[in-house]
Structures are given as C-alpha cells and as structure tokens.
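Right, one structure below, let's go through it.
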Amino acid sequence: MDFMLRLTLYVYCAAIVVYIVREVWRANTMRWVAFGVLSSGFILNTILVLTRWAEAHHAPMSDKFESFVFFAWSIALVYLIFELVTIFIVKVHESRIGIIGALQCVLVAWMICSALQADSTIKELPPALQSNWLVTHVICYFLSYSALSMSFSAAIVYLIHRWIFSGKQKDAVAVEPGSQKKKDYSFDKLAYIAVSIGFPFLTIGLITGSIWAKGAWGTYWGWDPKEIWSLISWLVYLTYMHLPLMLPKTNIKKSFRPILLSIILLIAFPIVLFTFMGLHKLPTSADSDHIYAE
Amino acid sequence: MAKAAEPQQRKSKSNSKTWEILCSVRLAVIIIVIMAVSCVLGTVILQQKSPEEYVGRYGAGLAKFFAAIQFTDIFHSYWFSFLLVLLCVNLGCCTVKRWRNKVLMIGFLVTHISIILILIGCVVDLLTGVKGGVNIYEGKSVDYYLTRPDYQKNPLGFEVFCDDFLIEKHPPKYKLITYVKDKDKQKAVSLKVGKKISIPGTNYAATVKELIEDAEVLHEPINVSDEPKNPALYIQLSAKDNVTAEGWLLAKDRNWYNDTQRDLKIDYVWADTDEAHEKLTNAAAKTSTKPTLEIRIDGTDIVKNVPVEKGQKVSIKGTDYTVEIKDFALDYSKRLVALSEQESNNPAVMVEISGPQGVDSRWSFSKYPDYQDKAHKTIYKDVKLKCTVPEDFSDAKNRVRIVQNRSGKQTITYIKDGKVVSTNDWVIGQSYDIADSDLKIRIAKYFPSHSLKKTVGKKTGGHEGHNHGPGEHHGNPAALIEMEGPRGEYAEWVFAHTPPHWYPDNNFAVLYEKSGMEVKDYKSILRVVENGKTMVTKTIEVNDALKYKGFVFYQSSYDPEGERYTGLQVTKNPGIIVVYTGFILLCLGIVFIFYVKPFLRRKLNKGKKIEEYYSEEEMLAEHIE
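As they're listed, the protein sequences go chains A and B.
Residue numbering for the first sequence follows my numbering, beginning at 1 and increasing consecutively.
Residue numbering for the second sequence follows my numbering, beginning at 1001 and increasing consecutively.
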C-alpha cells in the first residue's frame, strides 16, 4: 500500500514536469504524452481507492488518509474529463489548458503527499457515518472541490497573464485570420466554466449533508462549524456568480472586472480547502460533531 | 390636470426607487457578503457561552461590545434574522421583476423560489417546531421531553418505553508486536502462519507456526508412571443410567466428593500396607473435625466458640443472651456441583438468640459472616456470628469409601449411619450399586501417577454464561510463535491480550496485542404506548429514527457510565416538507441552469448567431464577449 502510494506520487510528479514541457514545447505528441502520464497516475490512484474500499469494507472517504487519496483521485478525474471534452467535443486543439494541468497535478501531488504523512490504519466507521448518504454527499463535494480547484488554477494563470501582458494585447493567443482551429478559451472564461461545473455539485453536497444531518442528529441545520464553513464557501461562489450582473452598474472599469472576479476565486478556493481540512484550528470546533477529515 | 399628475408621478418615481433597490443584484450581493462575513465571525468568536467566559477570553470591554451587538449568538440575533428576511424580500422582488415567460428561465425561477421556501420552512420550524431531548432508563418509560436549551418539561401525549439499550461493538483486531530492548525498537508485524519475520539490524526473528482463533489452555490428565506416586481414580456416579457426576479423585489431594442432594459422600484413600488397608476398610466413618461457631459480642471481650450441633443451647456469660443452634446446612442453596469442581459450598448455621428484647433468629453464612438477611429484622446487632466449616466436612449419612493399596488390593465400602454395610472388591469399568439407593458408582480409570499436561487447543463446548447474541462471540486467539535469536529457537504459545513473552536472553519480546472494539452502533428498542395500547415498536439507531404523531426520536447519546439509559433527541418539524421541497427544487434548478440550459439553448436557437438570442444580462453572467 505504502509502495503503491509512493509510486502514484512519483507518477503525478512526473506529470507536473511533462505538462510544463508540453506548455513550452507545443507538439501534438507532447500533448498525448502528458495526457498519458497523468492518466497512468490516475489509474494507479484508482487502484489505491478500490483496494482501500475492499480492505476497509466501507467507502474510503471517512478519515484524513482516505479523503486525501480520494480527493487526489477526483481532481485527476475532473481534469482528465475536462481535457477530453476540450479535445473531442469543443475541438480546441491548440489549447493552453496544459498549464492548468500542471497546476492541478501540483495539487494532486500535494494531496498524495499529505496522505503519505497521514495515519493509514483502517478505522471502523463511527455510527453517524454509517449511512448511504456518505457516498453521495462526499462524492458530490469532492467532484465540486475538484472543479473549483480548476477555477482557482485558471484564476492564478489569468492574473499572471494579465500582469505579464498588461496593456500589450487583450488576447494573448492571437488567432490567425482564416485559421480552421477554434479560438481558445481565455482563462477567465475557463475559470467560469470550471465554477459552473463545480457549483451545482457544491449545492447538492450542501443539501445532501443537510438531509443526512437531519436523519442522524435530528436537525438539518445546527450551526456547526463544518456546516457554517460549507455555507461560507457556497456564499462566496454565489457572489462570484452574481457579480457580473452587478458590475456594469458600478463605476468599476470594464477591463478590471475579470481581475476582480479572479481575485474572488483566489479567495474562494482557500476557503474551500479550509472547510475541508483546516477546521480544527477554529476555537469553536471543540464541540463540533463532525470534524471527520481531521 | 397637470397639477394632479405631478404628485402621482413623484410617488411612482420614489416607489420605483425603493423597488429598484429591493430588486437589485447589488443588494443581493451585499447581503450575501455580509452573511458570509458574519458566518466567519460566528466560527471565530465562541458562540452561546456564559458572559464570564467572554470576559475571560476577550477582556471586559470587548465582551461588553460583543454582547451589545449580539456577536455572542450571531445566528440567533435580530440583525441576522433581519438579513435573512431582507434576502427573502430581495429574492422575491427580483424574481417577480426579471421573470420573462421563457423556458430557459425555469432554472432562475426555481432556484430563487426554492431558497425562499427553505427560509420560510425554517421559520415555520422555529416558531411551531420542537427541539428537545430526553433520557430513558432501560425498562422505564417517559411521557414528556425536555426542551433545549432551557430544559422545560413538556408532555408528549403518549408514553415511550425503552425496552433495551445496546451498544454494538466491532470485533477486536489483533496484531503482533515485536520489541528489541537494546535498540528500543518496536515493530508491528502481520500475523501470517509460516512467514518468518526478521527484525532488521538484529539477529532476532519470529515465525508464527500455528494460529488458533478461539483457543484455550487445556489441562489434559495423563499418567506419568506406573509407580503409585499420585494415585487417582476417575469416578462416575449415575442414577438410572444417567451420569450425574464424574471426575477425578486424587488420594493425596482432593479425595472426597459431597453430594448434598443425596446425602452422600465418597472418599478415596490410599493405604500403603495391607494392615492399613484392613483398618481403613473396616473403620466406621472417619470422624472429621466438626464445624464451629464463633460468637462475639461487639464492644466487649466476650468470644465463645461452640461446636455446631443441632439443638445446642449456649448462654453467654456476662450478657443476657442465649444462643440456640436451630439448623445447619452444608450447602444453603443445595447446589449440585460437578465432581471435578468440588469445593466447599456455602455452609450456613441458623441460630436463635434469646435476649431481653425477644427472639432474634438468623442464618449465618460461613463465606459471608457480615451478611444481614434482609428478610429478617436483626435485633441484637452487637452479636456477631462466624461459622467455620472444615473443607472436607460432611454430615452425610451415606458414605462410600474406596480404598486401594500398593499390593493391588482394592475395596469399595458402603457405610450408613456410621456402620459398615458392605465391602466389595472392585475392578475398573464395573458398576456397583450403592445399597438403599438408586445410585450406581463406576470407577472408570486409574492413574497411579496422575499429572496434568498443559496444551493449547481449539476451544470446545458452548459459550454459556457469555452475555452476547449469536454470532457475536469473539474468541480468544492464540499463536504458536517461534522466536529465533542468539540462544537458538524457542517456541511458545502466546495468547492475545497477555503480557509480552520474552526470549530467554530477555532482550527480545513479542506481544500479541488486542485493539479495536470500536462502537459499531447504538441501538434502543423503543415502544410507544398510548391509552394502554402499544402503537409502535422500533429498534432505533443512529441514522434510523422512530416517528410517531409528528414527533421524531433520534438516538443521540447514552449513559457513559453503565449503559443504563439511552439519550434521545426529540424533534417535531412541521416545516420540514417546505424545507425539503425547497431542497429538491434548488437541486433541480441549479442542475438545470448549469447542465441543461446551455445545451437546450443551443438546440432551441440552432443556426442563429449568439448575439441574437443572448440577452445582455446572460452574456454578462456567462462571460461571453
């Protein structure tokens, strides 16, 4: 198990390098090499998740170790699906999505690293977690977190991009006139797409959590720190969704608007991560009912 | 005309201004941001604590400030409620204003209305719902609950019985831990039969040779030699062909058996010579030392010992007491004990103490001299009684004495009322009638040198006396572990949950550790009784509650000390249907907006240019340039 975990980490680390190389040396073959390396890491990760599921006799999402491995798996999954959709459905071939891939791989590697340091002994599920909602609720959240992490990466790249090319040209990739290739995404649009994928899952996760809490503890909303922080992350993304409607009515410059939105995304994802694994640092979490990812 | 129109116009203008503000996205964003910030504050500042705690943590000034602006209970404060109401109004107005009768706007409508529904449902629950709890002791019932957080008793209108409360646990887990003392190195290894585990950096190794999941130490009787060093007989007593008792009698150790129900005692004696044999066979019942009763008067030096004989009367000098022994029972509970477990039971003396305040009669037990029989009132508390009964004492009228000697002479003698009735020679395997009774005695085995061999084997027999349901028995595993080191190989049975076993050089040890037994579930068997009739019976557990007449009973806590009571959360949520409708609509609406609408729109507007079918607002919302 430990060996497999290390191997997965090395493959993911290799994927970071390959994705950066792909960004610098834009060859079609390189794109498939990068995709292949990340896919093989993902397959190893899938084996990790499945063997853990078989060994523990419960969905591997209950403690710190299991949720790190599972989060890594879902980040890789969402990114790979996104890249496939870009190639085959949206048919963007000269995409710069690779840089997002590199950043996602960094996040994945970080999660596997954290899993390596976490206690990997199999623990029995406490009574409150023995529910069918566990799988639905956790999978919704992790898929949502994975998509939102992509919006975070896109926001970072967008801001760096704007900073480097400030005032030079609006779109960094000039599409040659008459080119058959579709126009690439701009990173702020990419961030929006990622949020629009992740936000519905975030909402469903919040609601299933609430229904589950009602079944287990008798209250659908108890102002528990975990509940409050998942509400905060939901509210922040809700703000992100509504801001573009409001901004034209303010005197904020049009060119600054995407920057503001990217900054919101930059704040939002750390809030999500804090909800996921930082809650034990809060003074109010001492009597919380579910700090299960600690 | 113009004069009349002007104020109306002005009115509609001011109207439209507040309306504009109430409908605006700007207000929505502001409310959302304020809510998010107050949520953060609500987890950073401790909530719902005593005023002293705030002063201790934040200082007097800040504590006063927090209390004034209700930062100590943000989520139940007036301003937070106002925010929620304002959000509702904003959502409502905005929905009304923006609604165009278009398929693509269903998502917008549904999500906004669903949030209003959720908030309304919460308010309904807050005003008319019930949130409380109650503890029910096992076998008892309640017809009330306590509200939270003020613990007011409220009637339920029916009774809830807790018939049983159980804590189910996961089976224990076992692992083997090796320890090397001079390196202070501990390592957990897997228990696999036949796998040799070498401890790196040392020349120690451990191998699990055999593993028994449910093991016990068996003491197998064996014969070590033909010399009569420790003669033993295996005796079977039977009544009407049913064996009533059987076991080993050792001539030089525990050589007697008392059957108090049948008034019978069996002795097994060894004679070295023929003369001794003769003597022992023909001697009447060996007079064993009689039981004695010690009478002590508290607060004085008076102590008197009397032999226990029925009908004996003793007057205690220096006091007004007369003690009469009324009865003597060798085994108060008249238990029939297996022959191999024979031990002195609980002999008791019944005495009557006559004194100035009348007669005080009581049983005095040899094992529990201080036990006060609660059924009788003790009058003379200063009279302390203690009866001592020799271990092999018997008042049995019927006796069987089995005598054996070195030269092979073996007789069985039946004695009644102290007189020898018959004497026979016996052989192994033959049954002998005990005269005047329906009992038969059979001497099944003879070991001249009886000894016990300790072996570890699979546990046999049932698990009577264990308090667990079927299929929940957790065995006591044992592993035969071979340790290897500088002094060679050395194998030993190691039981789980026992102290570490050390290698002969005392530097290497293995420990078979038992861990786990985490709680699997808390379960309460609840029964609802209304007007004397049982309406519902349900075993509730975490994640599975009992519903009755709008009340829902959740398993939420228990008696941490003795599992004597179950802790239930009691709720009544009349608004839950509204809330859940809101939940479902929100899910559907949001999925529609982000996953259905984009594809539906493309389908509806095939062949058109984006600018033709996108409204300006949609282009903004979806970052289309």
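Glycine included, each C-beta is placed from N, C-alpha and C at the ideal position.
Rounded to whole angstroms, the Cβ separation of B:A1251 and B:V1269 is 6 Å, and the two are in contact under 8 Å. Below the 9 Å Cβ cutoff, chain A contributes no neighbours of B:V1243, its closest Cβ being approximately 46 Å away. Put simply, the backbone Cα of B:T1292 is about 12 Å away from that of B:S1364. Of B:I1481, B:K1445 and B:L1452, the smallest CA-CA separation from B:Y1490 is found for B:I1481. Under the DSSP assignment, B:G1132 falls in the beta strand (DSSP E) whose first and last residues are V1130 to Y1137.
Taking the Cα of B:D1150 as reference, the smallest distance to any Cα among B:V1130, B:F1158, B:V1180 and B:G1157 is reached at B:V1130. Closest in C-alpha terms to B:F1080, from the list B:I1032, B:R1057, B:V1110 and B:V1124, comes B:I1032. Measuring C-alpha to C-alpha distances from A:L38 to each of A:W53, A:V17, A:V272 and A:H58 identifies A:V17 as the nearest. Contact note: B:D1521 reaches chain A through P127 and Q130, using a C-beta cutoff of 8 Å and chain order. With fewer than 16 other Cβ atoms inside 10 Å of its own Cβ, B:E1561 counts as exposed. When secondary structure is reduced to three states using DSSP, A:H280 falls in the helix class. When the beta-carbon positions are compared, B:E1513 and B:K1175 come within less than 7 Å of each other. For chain A, none of the residues of the stretch 1138-1149 of chain B brings a beta carbon within less than 7 Å of one of its beta carbons. The C-alpha of B:I1030 lies about 53 Å from the C-alpha of B:S1515. Judged by beta-carbon spacing, B:M1350 lies within the 7 Å limit of B:K1326, meaning their Cβ atoms are closer than that value. Cβ-Cβ distances below 6 Å link A:L190 to A154 in the same chain, with the five nearest sequence neighbours on each side left out; the list follows chain order. Between B:P1477 and B:E1213, the C-beta gap is smaller than 7 Å, which places the two residues in contact. In summary, no residue of the stretch 1083-1111 of chain B has a CB separated from any CB of chain A by less than 8 Å. Contact with chain A is absent for B:V1400, since none of that chain's Cβ atoms lies less than 7 Å from the residue's Cβ. At a cut-off of 7 Å, the C-beta of A:T239 has a neighbouring C-beta in chain B. For A:P248, the chain B residues whose Cβ falls inside 8 Å of its Cβ are L1620, in order along the chain.
If you look at B:T1460, you'll find it isn't in any alpha helix (DSSP H); DSSP assigns it neither H nor E. Secondary structure of B:L1280 (DSSP, three-state): helix. Counting only Cβ-Cβ distances below 7 Å, B:A1036 has contacts in chain A at I232, L235 and V236, in chain order.
With the criterion set as a beta carbon lying under 7 Å from some beta carbon of chain A, the members of the stretch 1582-1595 of chain B are F1583, L1586, C1587, I1590, V1591, F1594 and Y1595, in sequence order. The stretch 1528-1606 of chain B is shown to contain whole beta strand (DSSP E) runs of 3 or more residues at 1533-1541, 1546-1548, 1551-1558 and 1565-1572, in chain order. Excluding its 5 nearest sequence neighbours in each direction, B:G1299 has C-beta neighbours in its own chain below 7 Å: D1382, listed in chain order.
Separation of B:S1451 and B:V1217 (C-alpha to C-alpha, rounded to the nearest whole angstrom) is 15 Å.
In the structure shown, A:P258 falls within a helical segment according to DSSP collapsed to helix, strand and coil.
Counting only Cβ-Cβ distances below 7 Å, A:Y220 has contacts in chain B at V1579, in chain order.
Residue B:E1324 holds the alpha-carbon nearest to the alpha-carbon of B:Q1312 among B:G1318, B:V1303, B:E1324 and B:K1304.
Contact check for A:I139 against B:C1587 fails: the beta carbons are separated by 7 Å or more. Under DSSP, B:S1238 shares a beta bridge with B:V1243 and B:K1440.
For A:S166, the three-state secondary structure derived from DSSP is coil. Not a single C-beta of chain A is nearer than 7 Å to the C-beta of B:H1219. Under the 10 Å beta carbon count, A:Y192 is surrounded by 16 or more other beta carbons and is classified as buried.
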